[in-house]
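Here's the structure, in structure tokens; my notes come after.
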Amino acid sequence: MKENKLPKILLIYTGGTIGMVRDEVSGGLRPFDFDNILANLPEARSIHCTLDSYAFDHLLDSSNISPANWVEIASVVRDRYEAYDGFVVLHGTDTMAYTTSALSFMLSGLSKPVIFTGSQLPIGHLRTDAKENLITSIELASLTGEDGQPVVREVCLYFQHELYRGNRCTKINAEQFSAFASPNYPPLAHSGVHLTVDKDLLLPRSYASFSLDTHLETEILMLHIFPGIRAEMVHYLLDYPDLRGVILLTFGSGNAPDSAEFLAAIERVIARDIPVVNITQCIKGAVHQGDYQVSESLLRAGVISGRDMTKEAALAKMMHLLGHHYGVDEVRHYMQKSLRGEVSE
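When the letters of the sequence shown are read in order and numbered with the UniProt record's numbering, they come out as residues 1 to 345.
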């Protein structure tokens, strides 16, 4: 970034509640023209930056977001990376944590901020949370240090006064403005009377060249364990012929039924050289296989501990690793190693 130049920020609109309007016929929310968002945000002109915008031709409800859309969003960043000093992405809240997790692995060598935000109420609503979320996201993307370089250099999610690492957060509330949390890693920044960034929590500067990696393996099953789950169901799901990876959502610190039938289903899929990763269903905490007898069985079977990753980060990371055709041993190694700050080592 040249001295005495305002930071250039690109605002990318993919869709979501922040840009919705109430349909007079159905009563439901639908996307509307992106220019109306900027018209509802005159405060943005006071931010110390130059702000440009880019809107997708076909706006997406986040429930319809797919890995192909992750590639589309990441490609917008890649294609304009040299022209801008930071990026703010407007995205629906329902799957935002999946997208931020995915992009954290897809965008390598980041030296600029990519900050996602959205809202629980449309920007034109009287009590909307959209304006604060959007304005502060732009401010965070514009922050520079004494060296003139961006302060934040990673994929993040900003919502309701907190900036989170994108692959550490999850949506926890559908009705409150505090919709997201980062259960196992502190917020990177807080917006109150002052905008405070904890620089010690940020990822260290990457000296690698920036690049986009779009190799994603999508033939992955996320299996939520529940009391009474039948081994026959598990066998049926794991027998899917194109299966490439499994994420088990287990109880507590990584516990699951240790019946012979259930374990046989897990062992059979592992025998096909398909990695199985253990993630806790709990909002906060980590998997510790072997602490209890019921998780020791998974450990002996060859199930990989996902430690304290969120389910969103585990899914995105497995897609990333298997997209590079890594074998089970390599997946085991990298799943337990921090690549983008997604897991505590």
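Think of the CB as a built atom: it goes at the ideal place given N, C-alpha and C, for glycine as much as any other residue.
Where does the unbroken alpha helix (DSSP H) through alanine 208 begin, and where does it stop? Taken as a continuous stretch (DSSP letters only), alanine 208 belongs to no alpha helix (DSSP H), as it is neither H nor E.
Roughly how many whole angstroms lie between the Cα atoms of aspartate 329 and leucine 322? Aspartate 329 and leucine 322 have their C-alpha atoms spaced approximately 12 angstroms apart.
Could you pull out every residue in the same chain whose Cβ sits closer than 8 angstroms to the Cβ of lysine 284, ignoring the five residues on either side in sequence? The beta carbon of lysine 284 sits closer than 8 angstroms to those of Pro183 and Asn184, all from its chain and outside the five residues before and after it, given in chain order.
Give me, in chain order, the residues of the same chain whose beta-carbon lies closer than 6 angstroms to that of leucine 238; leave out the 5 immediate sequence neighbours on both sides. If we look at leucine 238 and ignore the five residues flanking it on each side, its Cβ neighbours are Ala265 and Val269.
Using 8 angstroms as the threshold, is the stretch 170-189 in touch with the stretch 219-228, meaning 3 or more CB pairs across them? No, they do not touch.
Beta-carbon separation of leucine 119 and asparagine 133 under 8 angstroms? According to the sequence provided, residue 119 is serine. The question's leucine does not apply to it. Result yes, Cβ atoms of serine 119 and asparagine 133 sit closer than 8 angstroms.
Give every residue of the same chain whose Cβ lies closer than 7 angstroms to the Cβ of asparagine 69, excluding the five residues on either side of it in the sequence, and list them in chain order. If you ignore the 5 residues before and after asparagine 69, its C-beta comes within less than 7 angstroms of the C-beta of Leu60, all in its own chain and listed in chain order.
Looking at C-alpha atoms only, which residue of Val71, Ser46, Ala83 and Gly109 is the closest neighbour of threonine 99? Answer by Cα proximity: Val71.
Evaluate glycine 148 with the Cβ neighbour count: other Cβ atoms within 10 Å of its Cβ, from every protein chain shown; 16 or more gives buried, anything less gives exposed. With fewer than 16 other Cβ atoms within 10 Å, it is exposed.
Would you kindly report the start and end of the unbroken alpha helix (DSSP H) that includes leucine 263? Residues 260-271.
Top-ranked residue by Cα proximity to serine 206, from Ile12, Leu107, Ala102 and His333: Nearest to serine 206 by alpha-carbon distance, out of Ile12, Leu107, Ala102 and His333, is Leu107.
Quick one: grab the DSSP three-state call for serine 26. It is coil, neither helix nor strand.
With a CB to CB cut of under 6 angstroms and the five nearest residues on each side skipped, what residues in its chain are close to tyrosine 334? For tyrosine 334, where only same-chain residues beyond five positions count, the Cβ hits under 6 angstroms are Leu321.
Pick helix, strand or coil for lysine 171, following the three-state DSSP scheme. Note: lysine 171 maps to strand in three-state DSSP.
Span of the alpha helix (DSSP H) around histidine 320: Segment 311-323, the alpha helix (DSSP H) holding histidine 320.
Boundaries (first-last residue) of the alpha helix (DSSP H) holding threonine 136: Element bounds for threonine 136: 130-142.
Given a cut-off of 8 angstroms on the beta-carbon distance, is the pair alanine 286 and serine 101 in contact? No.
Exposure label - proline 241; buried when at least 16 CB within 10 Å: Burial call: exposed.
Is it right to say aspartate 198 is buried, meaning 16 or more other beta carbons lie within 10 angstroms of its own, or is it exposed? Under the 10 Å beta carbon count, aspartate 198 is surrounded by fewer than 16 other beta carbons and is classified as exposed.
Residue span of the beta strand (DSSP E) that contains asparagine 278, given as start and end: Where asparagine 278 is concerned, the enclosing beta strand (DSSP E) stretches over 276-280.
How big is the Cα-Cα spacing for asparagine 278 and serine 104? Between asparagine 278 and serine 104, the C-alpha separation is close to 21 angstroms.
When you compare the CB positions of tyrosine 152 and leucine 140, do they come within less than 8 angstroms of one another, or not? A small correction: the amino acid at residue 152 is valine; tyrosine does not occupy that position in the sequence shown. By the CB criterion at 8 angstroms, valine 152 and leucine 140 fall inside the cutoff.
Burial state of histidine 91 (16 or more Cβ within 10 Å): A residue is called buried once 16 or more other Cβ atoms fall within 10 Å of its Cβ, and histidine 91 is buried on that count.
For valine 343 versus valine 303, is the C-beta distance shorter than 8 angstroms? For valine 343 and valine 303, no; Cβs fall outside 8 angstroms.
Beta strand (DSSP E) segments (min. 3 residues) lying fully within the stretch 83-118: Complete beta strand (DSSP E) runs here, min 3: 86-90 and 114-117.
Judging by CA-CA distance, which residue of Thr214, Thr250 and Ala260 is the nearest neighbour of lysine 311? Of Thr214, Thr250 and Ala260, the residue nearest in Cα terms is Thr250.
Isoleucine 12 and isoleucine 73: beta carbons closer than 8 angstroms? For isoleucine 12 and isoleucine 73, yes; Cβs fall inside 8 angstroms.
What separation, rounded to the nearest whole angstrom, lies between the Cα atoms of leucine 203 and glycine 341? Spanning the two alpha carbons is a distance of roughly 7 angstroms.
Quick one: what does DSSP say methionine 1 is sitting in, helix, strand or coil? Per-residue confidence for methionine 1 stands at a pLDDT of 43, beneath the threshold of 50, marking its modelled position as unreliable; no derived number is given.
State the Cα-Cα distance for the pair alanine 83 and glutamate 162, rounded to the nearest angstrom. Within the model, the alpha-carbon separation for alanine 83 versus glutamate 162 is close to 27 angstroms.
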